[in-house]
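Student: With the numbering used here, the residue at position 68 of the sequence shown is 118, and numbering never jumps. Note that beta-carbon positions come from the ideal geometry of N, C-alpha and C, so glycine has one too.
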Amino acid sequence: MKVSPITRLSIDCVTTRLLALLLSIWLTGCASYSPPAPTDTPSYLDRMETKVDGDIHVSTVVLTAEESKQSFGTNLAGKGIQPIYFEIDNREEFDFTMMTNSVDSNYFSPSEAAWLSRRFGESKTDVKALFFLKQHLPVMVSGKSKVTGFVYTNLSPGGKAFGLTLVKENDLRHFEFVQEIPGLQLDWAHIVIIARPGWELPRTGEVAHWLTEHRLDDRSELRQRPTGGIVIEELRPLAISATEIRQMLEAGQSARYLLPQSVLDYIQTHQLYS
């Protein structure tokens, strides 16, 4: 079949445009990684929270998706990675070791975070891995020194509860944090918080303001609105020992709710304390 010059010209134009489009996509995908320019005072530092144990001060903040993109030049949140920034000020004489898995048992190493967040055809991945390594929080914290850096954790949108443990011979320091991540909207659910014994309600900061806006006095109020409520339930631990339970059973008193029902049934069946 003969093809007319006009038809051949149209096919050539389409082919040329298609090749140009594919080349454009390829060139975009093959962009090389370039570390972002450092910032003296990143905005996320304003949300830093500090805990103190002895003469060790630990300050930290969880980055938002946009903050992590600006800080690392890549879409970490899109790959389920969430950097947490730490400042550890060790004012004691002794060296400590930072346990990375105390922050997140399934944390990402710097090379993992760099590799997983790569774009299609991205070059200079070695430069990226080195940059991520330099940003990582040092494991060794010498006495009378301050270290800073990131730990690459799994993404937790809205809020994050995490800890950090420092150890040395015959000593352990653990710091716990609960932080709101800006941008959380309670559009789809309520939140019920089970507070541990000895907890303290934050009085200042973003979390305190957020709780003031959403907290309900009673859980029955959850049924009166579709979403957006927060109820805090306090645990009431029972200070009862095994000896006291045995004494109750020997005295013929009920130990219901203090032992599993299957255990109570076994004790009654075999008349262990009668």
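For the region 83–100 against the region 175–183, are there 3 or more C-beta pairs whose distance is under 8 Å?
Tutor: Yes, they touch.
Student: Can you list, in chain order, the residues of its chain whose CB lies under 8 Å from that of Ser304, leaving out five sequence neighbours each side?
Tutor: Within the sequence shown, numbered from 1, the residue matching residue 304 stands at position 254. Excluding positions up to five away in sequence, the list reads Met298.
Student: Straight-line CA distance for Ser121 to Pro88?
Tutor: Within the sequence shown, residue 121 is the residue found at index 71, counting from 1. Within the sequence shown, residue 88 is the residue found at index 38, counting from 1. Their backbone Cα atoms lie some 8 Å apart in a straight line.
Student: Where DSSP assigns a beta bridge to Asn140, which residues make up the other side?
Tutor: If you number the sequence shown from 1, residue 140 lands on position 90. In the DSSP output, where bridge partners are listed per residue, Asn140 has Ile106, Ser195.
Student: Assuming contact is defined by CB atoms lying nearer than 8 Å, are Leu308 and Ile290 in contact in what I supplied?
Tutor: Translated into positions along the sequence shown, residue 308 becomes position 258. Translated into positions along the sequence shown, residue 290 becomes position 240. In contact: Leu308 and Ile290 (Cβ atoms closer than 8 Å).
Student: If you draw a straight line from the alpha carbon of Glu137 to that of Gly248, how long is it in whole angstroms?
Tutor: As a working note, residue 137 is residue 87 in the sequence shown. As a working note, residue 248 is residue 198 in the sequence shown. Going from the Cα of Glu137 to the Cα of Gly248 covers about 26 Å.
Student: Unbroken alpha helix (DSSP H) runs of length 4 or more, entirely within the region 125–184: which are they?
Tutor: Counting whole runs of 4 or more residues, the region 125–184 contains the alpha helix (DSSP H) stretches 160–166.
Student: What does DSSP give as the partner residue(s) for Asn204 in the beta ladder?
Tutor: In the sequence shown, residue 204 corresponds to position 154, counting from 1. Ile131, per the DSSP bridge assignment.
Student: In three-state DSSP terms, what is Thr293?
Tutor: As a working note, residue 293 is residue 243 in the sequence shown. Helix.
Student: Please return the same chain residues whose Cβ sits closer than 6 Å to the Cβ of Gly79, not counting the five positions on each side in sequence.
Tutor: As a first step, residue 79 must be located in the sequence shown, where it is residue number 29. At Gly79 the pLDDT is 49, less than 50, meaning the model places this residue with poor confidence and gives no usable figure here.
Student: Report the three-state DSSP secondary structure of Glu99 (helix, strand or coil).
Tutor: By one-based count along the sequence shown, residue 99 stands at place 49. Three-state result, Glu99: strand.
Student: Pairs of beta-carbons, one from the region 99–109 and one from the region 124–133, closer than 8 Å: are there three or more?
Tutor: No contact exists between the region 99–109 and the region 124–133.
Student: Can you list, in chain order, the residues of its chain whose CB lies under 8 Å from that of Leu77, leaving out five sequence neighbours each side?
Tutor: Walking along the sequence shown from the start, residue 77 turns up at place 27. Because the pLDDT at Leu77 is just 48, under 50, the model does not fix this residue reliably, and the value given afterwards should be weighed accordingly. Closer than 8 Å at the Cβ level, and outside the excluded window around Leu77, lies no residue.
Student: Using the Cβ count rule (16 or more neighbours within 10 Å means buried), how would you classify Val102?
Tutor: Here residue 102 refers to the residue found at position 52 when the sequence shown is read from its first residue. Its Cβ having fewer than 16 others within 10 Å, Val102 is exposed.
Student: Given Ala115, which residues of its chain have a CB within under 7 Å of its CB, disregarding the five upstream and five downstream residues?
Tutor: Residue 115 sits at position 65 when you count from the first residue of the sequence shown. For Ala115, where only same-chain residues beyond five positions count, the Cβ hits under 7 Å are Ala127.
Student: The beta strand (DSSP E) spanning Asp268 covers which residue range?
Tutor: Sequence index remark: in the sequence shown, residue 268 carries index 218 (1-based). Taken as a continuous stretch (DSSP letters only), Asp268 belongs to no beta strand (DSSP E), as it is neither H nor E.
Student: Per DSSP, what are the beta-bridge partners of Asp221 in this structure?
Tutor: Position 171 of the sequence shown, counted from the start, is the residue given in the question as residue 221. Partner(s): Lys218.
Student: Starting from the Cα of Asp267, find the closest Cα among Ser155, Ala211, Ala292, Ile241 and give me that residue.
Tutor: As a first step, residue 267 must be located in the sequence shown, where it is residue number 217. For the residues Ser155, Ala211, Ala292, Ile241, the minimum Cα distance to Asp267 belongs to Ile241.
Student: With a threshold of 8 Å, are at least 3 pairs of Cβ atoms found where one atom belongs to the region 181–196 and the other to the region 150–170?
Tutor: As far as the Cβ criterion goes, the region 181–196 touches the region 150–170, which means the pair count is three or higher.
Student: Using the rule of at least 16 other Cβ atoms within 10 Å of the residue's Cβ for burial, across every protein chain shown, is Thr203 buried or exposed?
Tutor: Translated into positions along the sequence shown, residue 203 becomes position 153. Result: buried.
Student: Considering just the uninterrupted stretch of the alpha helix (DSSP H) at Ala301, what are its terminal residues?
Tutor: Residue mapping note: residue 301 aligns to position 251 of the sequence shown, counting from 1. That residue, Ala301, is in no alpha helix (DSSP H); it is neither H nor E in DSSP.
Student: Name the DSSP bridge partner or partners of Phe227?
Tutor: Taking the first residue of the sequence shown as 1, we reach residue 227 at position 177. Phe212, per the DSSP bridge assignment.
Student: Am I right that Ile231 and Val313 are in contact with their C-beta atoms under 8 Å? What's the rounded C-beta distance?
Tutor: Along the sequence shown, read from residue 1 onward, the residue named residue 231 stands at position 181. Along the sequence shown, read from residue 1 onward, the residue named residue 313 stands at position 263. Not confirmed; about 43 Å, so no contact.
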